[in-house]
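**Q** Starting off with a structure, shown below.
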Amino acid sequence: MKKLILSIALLASSIAGFSQTALYTLDCEKFANGSSASSANNIGYDRAQCWGLGSFSYVTTPALLLNGSYSGQSNQASNLSITSSWIKTPWIKPGSANITFKHKISANNGTIRRIVLSYIAYDANAASAWKEGTLVRFDSVSYAAGSLPLNLTNVSFALPAAIRNSANPYKILISFVGSGGNSRFIVDDVFVDGIYVSDPSSAYCLPVPTIQDADSDGVADADDAYPNDATRAYNNYIPSSGFSTLMFEDLWPTTGDYDFNDLVIVGRQNIVLNAANKVVEIKINMKVKAIGASFHNGFGFQLDGVNPSKITSVTGTNTHNAAWVTTSANGTESGQTFANIIIFDDAFKILPSPGGSGVNVDPANPYATPAEMNITISFNTTVGEAIALSNISFNPYLIVNQERGKEVHLAGFAPTTKANASLFGTGQDDTNLTTGKYYKSKNNLPWALAVPAEIPYPKTKIDFLQAYKKFATWAESNGSSFSDWYLDLSDYRDNTKLYTAP
Ligand SMILES: [Ca+2]
Ligand SMILES: [Ca+2]
Ligand SMILES: [Ca+2]
């Protein structure tokens with residue numbers, strides 16, 4: 000989020016500072032605050048604002064003036080080089096209107112008098128400190144002896160299509176060239192349509208750092224995980240790399256064999272946010288790795304506290320018309336207070352047994368490649384309906400053997416409104432809805448585990464407490480000891496008790 004805030008701040012400051020100011024018309028009349036009008040002060044002001052005025056001066060001679068008290072004057076226009084006398088705009092993002100100015104020739108002499116227009120691209124890698132890249136001539140106007148414009152004449156030149164409305168900085172170069180004689184061009188009110196992006200405080204008037212935001216969603220391309228999609232901006236992966244592991248015991252509310260492999264799922268969620276930091280969608284990539292059960296168990300999750308109406312669609316679930324699966328038009332389970340997604344109704348239909356009992360829990364039986372699923376949950380992103388990342392809390396659960404009311408949740412996670420409350424406190428379960436103790440035994444042992452890493456699970460009928468030697472201490476301490484019990488550290492695991500894929 001830090002990056003986001005920074006990019007918004009940068010964007011705001013660039014708008015406030017420079018980027019939306021149009022380039023002013025060069026009328027030769029402007030001078031700095033605290034100074035007074037003079038040819039030197041006025042041209043000094045325009046140069047300080049990043050206009051280039053090469054072999055060019057401001058004049059006050061009444062016979063020469065075109066408009067106001069000052070006009071511009073070229074060198075004697077008897078040189079055919081476009082770099083002999085010129086006006087160059089600051090860096091601009093060109094608009095689409097024509098370039099216009101007033102001009103005339105100062106005296107009736109000269110063989111050729113010509114104005115040449117070029118544009119110059121910004122090139123951050125240019126060797127010169129001015130970072131001027133390729134120069135392209137795009138228009139000109141020529142006068143021959145005997146038809147020189149000796150009185151005020153307006154000219155207009157179209158901006159070339161190649162740079163019109165470009166997001167990149169350009170300069171326009173207006174060159175005054177010719178041969179013979181000593182007459183000069185007199186010029187005034189030079190208008191070039193564009194957004195001023197030069198930074199006058201930079202030594203070479205370089206463009207202000209502009210933030211590229213191709214999809215205009217307010218998130219700079221550099222920070223935008225979807226730079227060409229205005230509806231999406233950020234990914235939030237859980238876990239940040241790899242997979243997390245979910246493991247279930249399905250004999251709840253009795254303890255059973257405690258091998259935690261009745262259903263083993265690994266998964267990674269991506270909560271996609273838009274530029275307003277609202278949830279656009281949740282994408283889940285998951286694999287069903289093992290079924291150490293005889294029950295035909297289902298699997299789903301609740302988004303705690305999220306009204307089902309916040310969701311617009313769900314894709315990628317795999318149910319098979321089990322009578323207990325009832326789904327609303329938006330793909331969430333009907334009749335629930337909070338949004339519930341039933342991912343599958345029968346694990347054996349997702350990862351069929353290749354032979355023997357269960358799947359991928361007994362090394363003596365054939366191996367089945369874990370079954371991959373990709374779920375996408377789309378959210379309403381309209382203002383007032385959209386929800387934030389902090390509103391997303393996953394509460395996964397197993398549904399035991401097609402019995403909808405028999406949910407097995409992670410320790411400390413509340414049942415859904417479809418759970419059968421009469422089962423709480425029976426068997427070894429010590430759930431107490433009043434005190435908020437959920438899905439724990441009297442010794443605080445759970446029936447489901449979530450670990451933020453992909454870890455191996457016990458072979459069939461192997462007690463989890465023997466495979467993960469620090470686990471019992473962790474659970475019975477309510478999580479205060481050995482919070483890293485699942486890591487492969489010295490004396491933490493008994494690898495002979497864990498299933499390994501062939
Ligand atoms: Ca003027
Ligand atoms: Ca963007
Ligand atoms: Ca985007």
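Quick note on numbering that gives the first Met the number 0: the sequence shown kicks off at 0 and runs consecutively. Cβ atoms here follow ideal geometry from the backbone N, Cα and C, with glycine treated the same way. Nothing here was measured: the structure is a model prediction, and the numbers come from that model.
Counting C-beta neighbours from all protein chains within 10 Å, is the total for G478 16 or more, i.e. buried, or is it exposed?
**A** Classification for G478: exposed.
**Q** Return the Cβ separation of S84 and G53 in integer angstroms, given the expectation that the two are a contact with Cβ distance under 8 Å.
**A** 6 Å
**Q** What does a CB cutoff of less than 6 Å around A15 pick up in its chain, not counting 5 residues either side in sequence?
**A** In this prediction, A15 has a pLDDT of 35, which is less than 50 and means its spatial position is unreliable; what the coordinates show is noted afterwards. Cβ neighbours of A15 beyond the five flanking positions: none.
**Q** Does DSSP put R492 in a helix, a strand or coil?
**A** strand
**Q** Please confirm whether D258 and V360 have their CB atoms less than 9 Å apart.
**A** yes
**Q** What first and last residue would you give for the alpha helix (DSSP H) that runs through G43?
**A** Run containing G43: 38-47, per the alpha helix (DSSP H) assignment.
**Q** Reducing DSSP to helix, strand and coil, say where Q72 ends up.
**A** strand
**Q** When you measure from the CB of V278 to every non-hydrogen atom of ligand 3, does any distance come out below 8 Å?
**A** no
**Q** Could I get the ranges of all uninterrupted alpha helix (DSSP H) runs contained in the region 421-486, with 4 residues as the minimum, in chain order?
**A** 463-466, 470-475
**Q** Taking 8 Å as the cut-off, is the CB of G67 close to at least one heavy atom of ligand 1?
**A** yes
**Q** If we ignore side chains and look at the alpha-carbon of each, how far apart do P168 and A36 end up?
**A** 31 Å
**Q** Mind checking whether K286 and V265 have CB atoms under 9 Å apart?
**A** yes
**Q** Could you check if V218 belongs to the surroundings of ligand 2, using beta carbon to heavy atom distance under 8 Å?
**A** yes
**Q** Who pairs with Y233 in a beta bridge, going by DSSP?
**A** L272
**Q** Is the Cβ-Cβ distance between L350 and A289 less than 9 Å?
**A** Against a cut-off of 9 Å, the Cβ pair of A289 and L350 comes out as a contact.
**Q** On the criterion of 16 or more Cβ atoms from any shown chain inside 10 Å, does T244 qualify as buried, or is it exposed?
**A** buried
**Q** So N269 packs on T311, CB below 8 Å; how close in whole Å?
**A** Wrong, their Cβ atoms sit about 17 Å apart, outside the cutoff.
**Q** Have a look at I86 and K170 and give me their C-alpha separation to the nearest angstrom.
**A** One Cα belongs to I86, the other to K170, and the distance between them is close to 10 Å.
**Q** With DSSP as the reference, please indicate the residues paired to Y118 in a beta bridge.
**A** Bridge partners of Y118: V135, I171.
**Q** Name, in chain order, the residues that DSSP records as bridge partners for K309.
**A** None, per the DSSP bridge assignment.
**Q** Can the beta-carbon of A274 be found closer than 9 Å to that of A229?
**A** When the beta-carbon positions are compared, A274 and A229 come within less than 9 Å of each other.
**Q** Taking all protein chains shown into account, do 16 or more other C-beta atoms lie within 10 angstroms of the C-beta of Q211, making it buried, or fewer, making it exposed?
**A** So Q211 counts as exposed.
**Q** Would you check if the distance between the CB atom of N390 and the CB atom of H408 is smaller than 9 Å?
**A** no
**Q** Based on Cα-Cα distance, which residue from C49, V382, Q401 lies nearest to C204?
**A** Among C49, V382, Q401, the Cα nearest to that of C204 belongs to C49.
**Q** Spatial neighbours of N419 within its chain, please: C-beta separation below 7 Å, excluding the five flanking residues on both sides.
**A** G404, K405
**Q** Starting from F184, follow the beta strand (DSSP E) in both directions and report where the run begins and ends.
**A** 183-190
**Q** From the DSSP secondary-structure annotation, give me the bridge partner or partners of L262.
**A** F247
**Q** Could you check how far apart the C-beta atoms of R492 and K458 are, in whole angstroms? I think they sit under 8 Å.
**A** Distance from R492 to K458 at the Cβ level is roughly 13 Å; contact not present, criterion being Cβ atoms closer than 8 Å.
**Q** Note the first and the last residue of the continuous beta strand (DSSP E) segment covering F570.
**A** The chain is shown only over 0 to 501; residue 570 falls outside these bounds and no answer can be derived.
**Q** P252 and T415: beta carbons closer than 9 Å?
**A** No.
**Q** Is the closest heavy atom of ligand 1 to the C-beta of L64 under 8 Å?
**A** yes
**Q** Of the choices A96, R112, I42, whose alpha-carbon is the least far from that of Q75?
**A** R112
**Q** Whole angstroms are fine: how far does the CA of A224 sit from the CA of P206?
**A** 26 Å
**Q** Specify whether the region 159-168 and the region 57-70 touch according to this definition: at least 3 beta carbon pairs, one from each stretch, less than 8 Å apart.
**A** Cβ pair count under 8 Å is below three, so no.
**Q** Can you tell which of V135, Y195, I114 has the C-alpha that lies nearest to the C-alpha of I173?
**A** Nearest option by C-alpha distance: I114.
**Q** State yes or no: is the C-beta of K388 within less than 9 Å of the C-beta of F247?
**A** Looking at the sequence provided, one finds Leu at residue 388 rather than Lys. No; because the gap between Cβ atoms is not below 9 Å, this pair is not in contact.
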